[in-house]
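Residue numbers (UniProt numbering), protein chains in the order written: chain A, 1 to 392; chain B, 1 to 392; chain C, 1 to 392; chain D, 1 to 392.
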């Protein structure tokens, strides 16, 4: 990927950071954020986006001509947008939209881009990606091969039936990408939302609080989609999912690294100001060491993201590399967030600072986009394959 | 402590377990529980307590004659009450009431017991313990020597002024034990609540959800308490706090171990039923090993609690032992809860099972009653003292 | 198991401890100990055993009438014998003899006991247990079902052929228990050593230093054993291995816990005496916390051993419990040993104290008698089985 | 630092790797390596160096004109040299020579370079750095401010007295850099070795096996050094130590990362070839996950080294960055080495592969060049300082 050059990307990142710190952080305790999984209200999102537009930081990782920054450039921008859990929502660098825009940019037809992508890039609309399915149905959770949602052609339409679970942002989305299995393999469809054939059964209560519309369980009942709303070709769905996979996964790492950096700032300030047992907390090695370990983890997370982004920028799918990055970064962020909470004692587990929320978000992140164990499993498979190849 | 014999204690424990599983578990998704720190409503608590009384499991660790079970016996009962986060509230084995009843039983005058303790043991009233102070005031958080709330005699009364923070259950409590410093040292006072001189400034939003009334920040403004409501003698407050300390700390371990056991049950069932990548989750070593590690951690937590309880039952204050138990158990429970969440993937971070809440509660527990680091600090001091004593 | 009562066991333990500290510790830097796996020389062992006999602590866990202490009583004695890595060798509480004596006591015929067991209990002879096989042969390492050594009857003898690996103490042993597969299943044989048909191919260089004779790779070539030297019945070998399994496994935990306790003593003294950056090391939380964590781990290891021993004392095979204890204790001892090394800095990685050796021994212990992962694997299988049983 | 360009550096690295794998690896089981700390014999070292010269890989990180590769370039070369613990000795990239050559190149006078540096760069001679002092004397271990060795001018000479400990390579070195305190502060002196005034009291038995000459305790008794053998200026010794510090520290990371990569190769091959419980070890997630975690740790170690090297290449002292890298890399390498041992079971703790030795070496590395805790301590100090600066 060509990109715009790291220097320009850093300029964008600086503007994003200033906007998030000055304009968005004050929204963090806004009552329009529902704590237990359902996220900020649409009204709040749109209010923040108006301010992002005014500040020139709306969708900052996509250029006016539709080109994306390179992944390494995207990293420096998205990390900064994540300094507040609300930042990515405000700046339109949030999941699942970021990944959906990326996918549409890569695979969508000109007409599809005009109709679906444009309103996403402008931040007027949000989108959802209907892939994962309910565990209780024996459907595709972390294992997409178990997909049970079906599609079959019917005249100039496709008819889709099934159930989907953990569909982030479905509630409130205006654009949907729906994945289903035809006789030829997996397919993807673009749909307008809301749609009477796509019924939100319920929105899950979850430990995290920043996802717009939360995570929904959805029933798809005889959804009819015109054939020209198929994204790409029939049977190629898993390949498109692969295209979306690594960048989307890595963008999670970027955003939440921003959150971890913010937590560390808050915990550091707390430890330097508050005294216990005769000296500032930071002078207690038990506290100072935790902050030191966090510095190392933050640095390593940055390096892993930059490394993986560089691999993607060569044009590689980077599936193995993004698995490694996802495991390393999500586990590191958990350690960081956990230590920040611990440094701050009672304040750390209270909503008085954003540290408590970031801890909860990062806990979820260790599962979202593939639990750590699934990635280790696929890495172990690859280790075996690589050994067999090298030792025939 | 004499107790009633382990066999009888186990009978009580069995009854408590049956009650919690059959009657209380169904309340877990009751909308009268507020998620972000404020806990179940008074109405819900009293409804559950009526059922506990009917089932003969109200305050099951205190005998009708006022005697307590021994600590080892208490353990088997309180662990079972903790199988639901609501269980201890229903059965009146919850903090801070359990510790407050213990303290009143040990130090209270007959009149004080009649007036304050009786309504607590019957479960009609709840209580709060006003010790910790706001970090922002430079007050006593984990370090009680920093206490800034003062009391001074004024005729036949004492007048108390100060601010308290993280006062669990203050909202809704009818009995308060207030700690303050006189010229002679720390004092404790029994007060009726609510009281216009004890103003709840705010109830914190916290990561946990099971504490009745949440954790409050409280301003005490010229609170006048009749001298006969002083608990014990003036200047002895820290010694009484010591009496309360270890049993209360250990009772946290007991209750939350119950929660961890429950989480493990749920995660085990999930792992045995749900399939991914061609076999039941439990057949994946990445999952099965986590459950195996949890079994070990659960066993060790039980053993540490039993050991520390045995020390307390000899009449020892058990300060060092309860520090060790608190660190070992709270950190073990965190590992257990975290792994249960991880085993269950997306379901683990959702409110669909109680596992998600138990994870949040246990996170807070690593800080409540002294963060891990404070206990390690005091253990290290003791290691040094013991070495100096043995090598004069 | 009846045993002699814990009070008497503690008296024995006190004598063992005094002997080990006063008489055996000075031998620790004896040049007759070869560092890289081969252990102390026979001469050194016999010299120490003479002193153990004189002190009345030879084979202290077996009574003159041949009865063993109960497992809980054995624990208090063996832990103390382990205060020096040489202690178990001196007192004859070492692996593999301890387990071999246990097995012979349970399964041996009176004649077999007279001929083979007696010289072991008196400490005159050492023994070896020929079960595990070389990885390179595809034989039985951690998975005994892969056993490739065979035995077949030939007149009044059995003829045994195969290769064995990691046979601790084979070099220098006078008694061997050899395991092989007949058409009826696994068999065990008692043999006099050395024996020309049992050729020690080599003794491994290993990270540990305390095993007498090290760990050997052995070729068994047409070994002829009279039929009355079969231990128990043909085909029952795995059942006898089960009888030996849990107590032997647990006795490893006991002995090495002693080593960990000793390491903690040495590291504590070092941390209390040595200064850095302006104060005693122990006053640095980074050091004091490690010692505090060790105290907890030591306590938990003691409790796990006592618990598992109690299960064995009920007559249970305790296979699952000893797996749990082995994992918990060996991993805890590794943490302890590692932290003791770290506390002592450069001195910690030098042979100036026994801490360095104990670290190496404990590293091996995480693999000996089943690596941690094999135990977790079998625990996970049991979790699944137990769930299926409870939820038919 | 300018360097030669990464492409050329990689060519050198490839040659070094080929040499180490083909020529040096076969020496790994040479009996001239003494296991318990004393390292390979001089004869063996010189034999390997002859081969390195013949292969054109002697001192590959220093150009014929005396310029060093940049740190980033050095990294790719030194990592490869470390694929065998003997590689750095053979190629002359070993500590303490690498750091001593670096220091002499930076601070030495032309005469000093001619007399002392030349023979080091050519690999004919080895050197030692006499800084750390015995704990038992209350001297400078990890805390150099406690230095007790003194120097005072006496005519045209300096006279040095004191004791030094953990002096790697002193035994057999021909060049020494001795640090001592004058009234003006710390000084450094170049001395020819052996020298009757520098008496090697003993060479420590240590857990590692690759350091030439092991680690010595040394008495310096009225050592007279001509004034022109002072390195740099009087009182500047700590500043020079700082110059040497970060590159030397980072070079340890580089070399031992090579060892970890080698361990991973061996463990991977073992896990792919050996079967247990019905399938190749690598197909057991308990094993495959360990290898996957190692891949992540290896990658992160590479990235941290490259990042820190880049900081040094800007001309910065990089003290904080090299502390971060040292902690992150040494702890990662320990995890890697430990898992490789564990994957290989009994073979892992035996000398049958180099994995066992690398485990021991890496254990020592967590202490050499500053234990992890000392680095965290200095990082915590810096966190406090940086906060104070930013919040005056």
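Every residue, glycine too, gets a C-beta built ideally from N, C-alpha and C.
What you are looking at is a predicted structure, and each value in this text was computed from that prediction instead of being measured.
Residue i versus residue j: straight-line alpha-carbon distance, rounded
i: residue 359/C; j: residue 217/B; result: 49 Å
i: residue 272/A; j: residue 380/D; result: 10 Å
i: residue 333/A; j: residue 328/D; result: 15 Å
i: residue 149/C; j: residue 307/A; result: 51 Å
i: residue 156/C; j: residue 198/C; result: 20 Å
i: residue 50/C; j: residue 164/D; result: 41 Å
i: residue 177/B; j: residue 366/B; result: 24 Å
i: residue 85/C; j: residue 211/C; result: 9 Å
i: residue 52/C; j: residue 44/C; result: 12 Å
i: residue 244/A; j: residue 348/B; result: 25 Å
i: residue 151/C; j: residue 225/C; result: 10 Å
i: residue 303/A; j: residue 304/D; result: 7 Å
Beta-carbon neighbours of residue i, restricted to chain A and to distances below 9 Å
i: residue 358/B; result: Simply none; closest approach about 11 Å.
Residue-level contact to chain B via CB, residue i, 8 Å cutoff
i: residue 286/D; result: yes
i: residue 135/A; result: yes
Within chain B, the residues that residue i reaches when beta carbons sit closer than 7 Å
i: residue 289/D; result: 286
i: residue 196/A; result: Under the 7 Å cutoff, chain B gives no residues; its nearest Cβ is about 26 Å from residue 196/A.
Partner residues on chain C for residue i, Cβ-Cβ distance less than 8 Å
i: residue 300/B; result: 300, 303, 304 and 328
i: residue 422/D; result: For residue 422/D there is no data in the structure shown, the boundaries of chain D being 1 and 392.
Any chain D beta carbon closer than 8 Å to residue i
i: residue 364/C; result: yes
i: residue 335/C; result: no
i: residue 166/C; result: yes
i: residue 106/C; result: no
i: residue 295/A; result: yes
i: residue 373/C; result: yes
Proximal chain D residues relative to residue i, where beta-carbon distance stays under 8 Å
i: residue 367/C; result: 341, 342, 345, 346, 348 and 349
i: residue 45/A; result: Within chain D, no residue comes near residue 45/A; the closest Cβ sits about 32 Å away, beyond 8 Å.
Nearest residue (CA-CA) to residue i, options the options
i: residue 130/B; options: 192/B, 228/B, 40/B and 319/B; result: 192/B
i: residue 127/C; options: 118/C, 134/C, 135/C and 133/C; result: 118/C
i: residue 184/C; options: 51/C, 153/C, 291/C and 29/C; result: 153/C
i: residue 383/C; options: 321/B, 291/B, 318/B and 301/B; result: 291/B
i: residue 287/D; options: 373/C, 342/C and 339/C; result: 373/C
i: residue 388/D; options: 263/A, 350/A and 268/A; result: 268/A
C-beta neighbour in chain C for residue i, strict 8 Å
i: residue 268/B; result: yes
i: residue 163/D; result: no
i: residue 9/B; result: no
8 Å contact criterion, which residue i and residue j should meet: CB distance rounded
i: residue 17/B; j: residue 251/B; result: Incorrect: roughly 17 Å between the Cβ atoms, too far for contact.
i: residue 336/C; j: residue 260/C; result: 4 Å
i: residue 96/C; j: residue 169/C; result: 6 Å
Beta carbon proximity, residue i to chain A, threshold 8 Å
i: residue 129/B; result: no
i: residue 201/B; result: no
Interface residues of chain C facing residue i [CB-CB closer than 9 Å]
i: residue 256/D; result: Residues of chain C passing the Cβ test: none, with the nearest at roughly 14 Å.
i: residue 377/D; result: 277, 284 and 286
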